[in-house]
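In what follows, a structure is listed as structure tokens, so that the remarks can point back to it.
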Amino acid sequence: MIEPRLYLMALWIALMLSYLLGDVLRIFAGDFVPGEISGVKITQAQWLMISVLMITPIVMLLLTLILPYPAARWLNIGAAAGWFLFNLAGLPTYPSLFDKFLNIFGLVINAITILFAWQWV
513 MIEPRLYLMA LWIALMLSYL LGDVLRIFAG DFVPGEISGV KITQAQWLMI
563 SVLMITPIVM LLLTLILPYP AARWLNIGAA AGWFLFNLAG LPTYPSLFDK
613 FLNIFGLVIN AITILFAWQW V
């Protein structure tokens, strides 16, 4: 039987790769202006906050591996629930079909992560 930590780590990798795929597709589709998000110029402090937010799947990979059982379980549930709500709130803002599809994919990955962590005994 595969260790639950490995399932959870694979789910965080899948989530991270879907975010990267969305960024790459946005570049190739021409759906971006360098230095701006939705027509608003982004400051260095905002870019820093975005980078802190976007590194959480990588941090979750490490913490899932390192933390003891109860802490890793609850942290996975909390982080996946936070990402689920964050992406759910952003879903209506994406104009492109591929963005909406990848956002829904991310929601599914977050739900599966919560389910796997919840059932981890």
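Per the numbering used here, the sequence shown runs over residues 513 to 633. Cβ atoms here follow ideal geometry from the backbone N, Cα and C, with glycine treated the same way.
Review point. Tell me, which residues are paired with Phe552 by DSSP?
Key: Note that residue 552 is Val in the sequence shown here, rather than Phe. Paired residue(s): Ile549.
Review point. In the structure shown, what three-state DSSP assignment does Tyr531 receive?
Key: helix
Review point. Given a threshold of 16 other Cβ atoms within 10 Å of its Cβ, counted over all protein chains shown, does Leu603 qualify as buried or as exposed?
Key: exposed
Point to revise | Residue of Ile578, Leu533, Pro582 and Ala601 minimising C-alpha distance to Leu614 | key: Leu533
Exercise for review: Compare the C-alpha of Ala593 against each of Trp524, Pro516 and Arg517 and name the closest.
Suggested key: Trp524
Review point. Between the C-alpha atoms of Ile562 and Arg585, what's the straight-line distance to the nearest angstrom?
Key: 25 angstroms
Exercise for review: Output yes or no for whether 8 angstroms exceeds the beta carbon distance between Leu579 and Met521.
Suggested key: no
Point to revise | Where Asp611 falls: helix, strand or coil (DSSP) | key: helix
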